[in-house]
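Contents: one structure, followed by commentary.
Residue numbers (this note's numbering): 19 to 255.
Shown next, in the form of structure tokens:
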């Protein structure tokens with residue numbers, strides 16, 4: 019794809035997550051173990067370009083080492099972005115299924131606690147989009163909820179799903195289709211771990227296989243960075 023950038027109509031969906039944003043950071047400690055494990059395996063390096071998709075209130079951005087400078091957060095919820103602490107990283111309001119960066123322009127994509135809230139079609143599109151913006155050999159890191167193993171875990175997951183249904187927070191299902199989606203997108207799984215301290219989670223790291231890129235997407239106008247001093251997002255000219 020040429021240097022045009024793709025952006026969604028981020029305001030088209032109800033912002034259920036925005037209403038939850040003021041209290042969302044209270045549960046970040048339950049996500050921290052999985053995010054720490056993910057970033058340890060991904061090991062982003064100084065000079066690499068990192069895209070945090072579905073950034074929420076900024077746990078990943080705050081956890082990436084300071085020396086990794088080229089980090090950008092992508093988040094569709096205006097309310098989440100308003101409540102986020104992104105540690106000074108760039109922020110763009112955009113959707114996971116239509117990322118505002120050029121194909122093949124990113125070294126690392128992170129999708130932490132995101133794919134389980136998307137329906138099957140959007141989840142497939144988001145995985146394909148993440149693969150498309152990665153350079154050949156680039157890494158995708160994913161955290162998703164694991165299948166509950168105990169009665170207590172099933173009760174907690176059921177309560178979370180009911181809350182999601184009431185607040186319009188998305189599918190909130192264990193994405194059992196993820197292995198096939200990764201393969202279909204030309205991604206090779208290099209690491210899989212399960213974390214149980216905090217939320218029960220599967221942590222998966224993939225690499226993009228060498229080969230031709232997907233067909234170009236239709237170019238649209240770029241999304242403006244959020245905040246008066248936000249630098250340009252990863253991959254922009």
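For every residue, glycine included, the Cβ atom is placed at its ideal position computed from N, Cα and C.
Original post:
Are residue 64 and residue 87 close, meaning C-beta to C-beta below 9 angstroms?
Top reply: On the chain shown, residue 64 is found 46 positions in, with the first residue counted as 1. On the chain shown, residue 87 is found 69 positions in, with the first residue counted as 1. In this structure, residue 87 lies closer than 9 angstroms to residue 64 by Cβ.
Original post:
To which residues does DSSP link residue 116 through a beta bridge?
Top reply: Position 98 of the chain shown, counted from the start, is the residue given in the question as residue 116. Paired residues: 113.
**OP:** Report yes if the C-beta distance between residue 77 and residue 92 is below 9 angstroms; otherwise report no.
**Re:** Your numbering for residue 77 matches position 59 in the chain shown. Your numbering for residue 92 matches position 74 in the chain shown. In this structure, residue 92 does not lie closer than 9 angstroms to residue 77 by Cβ.
Original post:
Taking the DSSP output, what are the residues bridged to residue 164?
Top reply: Locating residue 164 in the chain shown gives position 146, where the first residue counts as 1. Residue 164 is not bridged to any residue.
Original post:
Would residue 114 pass as a contact of residue 129 if the rule is Cβ separation under 9 angstroms?
Top reply: On the chain shown, position 96 is the one that residue 114 refers to. On the chain shown, position 111 is the one that residue 129 refers to. Against a cut-off of 9 angstroms, the Cβ pair of residue 129 and residue 114 comes out as a contact.
Original post:
In angstroms, rounded to a whole number, what distance separates the CA positions of residue 152 and residue 122?
Top reply: Residue numbering aside, residue 152 sits at position 134 when the chain shown is read from its first letter. Residue numbering aside, residue 122 sits at position 104 when the chain shown is read from its first letter. Going by the C-alpha atoms only, they are around 5 angstroms apart.
Subject >> 6 angstroms CB neighbourhood of residue 233 in its chain, flanking five on each side removed >> reply: Within the chain shown, residue 233 is the residue found at index 215, counting from 1. Low local confidence applies: a pLDDT of 43 at residue 233 is under 50, so the model's placement there is unreliable, with the coordinate-based value given in what follows. Around residue 233: no qualifying Cβ.
Original post:
Using a Cβ-Cβ cut-off of 8 angstroms (strictly less than) and excluding sequence neighbours within five positions of residue 209, which residues of its own chain qualify?
Top reply: Stepping through the chain shown from its first residue, residue 209 is reached at position 191. Excluding residues within five positions, the ones whose Cβ falls inside 8 angstroms are 59, 221, 222, 223.
Original post:
Between residue 213 and residue 159, what straight-line distance do the alpha-carbon atoms span, to the nearest angstrom?
Top reply: Taking the first residue of the chain shown as 1, we reach residue 213 at position 195. Taking the first residue of the chain shown as 1, we reach residue 159 at position 141. So the alpha carbons of these two residues sit roughly 14 angstroms apart.
Original post:
Excluding the five sequence neighbours on either side, which residues of its own chain have a C-beta within less than 6 angstroms of the C-beta of residue 52, listed in chain order?
Top reply: The count along the chain shown starts at 1 and reaches residue 52 at position 34. Within the same chain, residue 52 has close Cβ partners 161, 213, 219, 221.
Subject >> residue 119 beta carbon less than 9 angstroms from that of residue 90 >> reply: For this step, residue 90 is matched to residue 72 along the chain shown. For this step, residue 119 is matched to residue 101 along the chain shown. For residue 90 and residue 119, yes; Cβs fall inside 9 angstroms.
**OP:** Look up residue 37 in the DSSP assignment and say whether it is helix, strand or coil.
**Re:** Taking the chain shown and counting its residues from 1, one reaches residue 37 at position 19. Helix at residue 37.
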